[in-house]
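*Asks:*
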Amino acid sequence: MQNPASTAEVTIVTGSSRGIGLAIAKALATAGHRLVLVARDDTRLQALAADFTSQGHAAIAVAADLRDENAATHIVAAAERAFGPVTAVVNNAGTAPADKVENTTPAMLRETFDLHVGAPLALARACIPAMKRAGRGCLLQLASTAGLRGYPFTSAYTAAKHGMVGLSRALHAELSPAGIQVYAVCPGFVDSDITRGAAAAIAARGKTTADQAFARMAAQNRIGRMHLPGEVADATARLLRERPTGCVYELDRTEPAFVD
Ligand SMILES: NC(=O)c1ccc[n+]([C@@H]2O[C@H](COP(=O)([O-])OP(=O)(O)OC[C@H]3O[C@@H](n4cnc5c(N)ncnc54)[C@H](OP(=O)(O)O)[C@@H]3O)[C@@H](O)[C@H]2O)c1
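Residue numbers for the sequence shown follow our numbering, so the first one is 2 and each next one is one higher.
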């Protein structure tokens, strides 16, 4: 009989210290994945890894700033030391700079691309050799409907999320023949620190309340309400478990579905 530990997934979840990433980490821990938790806040991450471990799950914390081009090799080396080859990566870490286009600087654009496109590409480069040897693997990007359509006051974010979806399509075309599945999961607005912070920033301009700003964001979702982090986590866990053949999975629909 095979040792179950030797068949368990070894999964990097970036941005897993809070919000959607933490919900994904919890769903994957329950599904038996050995977790590599990544974010910048080392103290918070170490406490979370200890929580997971105390509940009988396998988890390590690797603090890193994913905009740093050396972060991916450092994370993958730590994962391999702890658990062996990485079998899945969930690229969830993200920030959502919001401003009018006149205030969107080249530095903002570069930083947003480094995090949403550069980091997933670097982690793919570091993990693909072992995945190819195994003939199996999964790279999943937490993209957004901002990767499929345009939103005002988010030109750097919307461009980077389109880049993330484009990267996913290219990796899917190149790697699925090698048994590596690549997904871009696209929710609309999700109730998390990012949206709560954006609502507070809008309210600070004095023309509306944070609750009204939050409600207006929710109304932009085709489903007519905020997505919940748990719903995004459930969809992510299902894709990792079932490994369907599509690539871009849109959640902001009455029936979530692959759009290509
Ligand atoms: N919230 C939404 O409405 C929404 C909708 C669609 C898609 N998304 C996408 O979903 C993902 C998660 O969003 P969220 O709402 O859960 O955000 P969140 O609550 O703000 O969490 C972001 C996570 O990313 C980490 N992070 C940020 N910058 C990082 C960096 N440079 N290096 C490493 N880790 C970094 C943060 O930890 P540290 O600060 O400790 O680094 C945190 O764990 C993002 O990619 C976002 O674009 C969000």
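Glycine included, every Cβ here is placed at the ideal spot set by N, Cα and C. Computed from a predicted model, the values in this text were never measured in an experiment.
Could you have a look at Asp100 and say whether DSSP puts it in helix, strand or coil?
*Replies:* Correct three-state label for Asp100: strand.
*Asks:* In or out: Gly138 buried (at least 16 other Cβ within 10 Å) or exposed?
*Replies:* With 16 or more Cβ atoms within 10 Å of its Cβ, Gly138 is classed as buried.
*Asks:* I'd like the span of the beta strand (DSSP E) that includes Gln182, first residue to last.
*Replies:* Element bounds for Gln182: Ile181 to Cys187.
*Asks:* When DSSP labels each residue in this structure, what does Arg239 get in the three-state scheme?
*Replies:* Reduced to three states, the DSSP call for Arg239 is helix.
*Asks:* Quick check on Arg206: buried or exposed, where buried means 16 or more other Cβ atoms within 10 Å of its Cβ?
*Replies:* Classification for Arg206: exposed.
*Asks:* State whether the segment 83-95 contacts the segment 113-132, with contact taken as three or more CB pairs (one from each stretch) at a distance under 8 angstroms.
*Replies:* The segment 83-95, when compared against the segment 113-132, does touch it at the 8 angstroms Cβ threshold.
*Asks:* Grouping DSSP H, G and I as helix and E and B as strand, with all else coil, what is Glu10?
*Replies:* Glu10 falls in the coil class under three-state DSSP.
*Asks:* At the level of alpha carbons, what is the spacing between Thr96 and Ala73?
*Replies:* Spanning the two alpha carbons is a distance of roughly 18 angstroms.
*Asks:* Any heavy atom of ligand 1 closer than 7 angstroms to the CB of Leu240?
*Replies:* No, ligand 1 has no heavy atom inside 7 angstroms of this Cβ.
*Asks:* Need the endpoints of the beta strand (DSSP E) that Leu176 sits in, please.
*Replies:* Careful: Leu176 lies outside any beta strand (DSSP E), inside the alpha helix (DSSP H) at Ser156 to Leu176.
*Asks:* Should Ala1 be counted as a contact of ligand 1 given a C-beta to heavy atom distance under 7 angstroms?
*Replies:* Nothing about residue 1 can be read from this structure; the chain reaches only from 2 to 261.
*Asks:* When the Cα atoms are used, what is the spatial distance from Leu23 to Ala83?
*Replies:* Their backbone Cα atoms lie some 20 angstroms apart in a straight line.
*Asks:* Nearest-angstrom Cα distance between Leu36 and Gly231?
*Replies:* Rounded to the nearest angstrom, the two C-alpha atoms are 18 angstroms apart.
*Asks:* Buried or exposed: where does Gln182 fall if 16 or more other Cβ atoms within 10 Å of its Cβ makes it buried?
*Replies:* Label assigned to Gln182: buried.
*Asks:* Give the DSSP bridge partners of Ile61, in chain order.
*Replies:* According to DSSP, Ile61 bridges with Val37.
*Asks:* According to DSSP, is Gln56 helix, strand or coil?
*Replies:* In this structure, Gln56 counts as coil in the three-state DSSP scheme.
*Asks:* Can you check DSSP and say which residues form a bridge with Asn92?
*Replies:* Beta-bridge pairing links Asn92 to Gln142.
*Asks:* By a C-beta neighbour count over all protein chains shown, 10 Å radius and 16 as the cutoff for buried, is Met2 buried or exposed?
*Replies:* For Met2, the predicted structure reports a pLDDT of 36, less than 50, and the residue's modelled location is therefore unreliable. The matter cannot be settled from this model.
*Asks:* To the nearest angstrom, report how far apart Thr106 and Phe114 are at their CA atoms.
*Replies:* Taking the straight line from one Cα to the other gives about 13 angstroms.
*Asks:* If the criterion is Cβ atoms closer than 8 angstroms, does the pair Leu49 and Asn92 meet it?
*Replies:* Contact: no.
*Asks:* Below 8 angstroms between beta carbons: does that hold for Phe215 and Ala200?
*Replies:* Yes, the pair counts as a contact, with Cβ atoms nearer than the cut-off.
*Asks:* Nearest by alpha-carbon distance to Ala99: which of Ser145, Tyr152 and Val63 is it?
*Replies:* Of Ser145, Tyr152 and Val63, the residue nearest in Cα terms is Tyr152.
*Asks:* When DSSP labels each residue in this structure, what does Ala32 get in the three-state scheme?
*Replies:* If DSSP states are grouped into helix, strand and coil, Ala32 belongs with coil.
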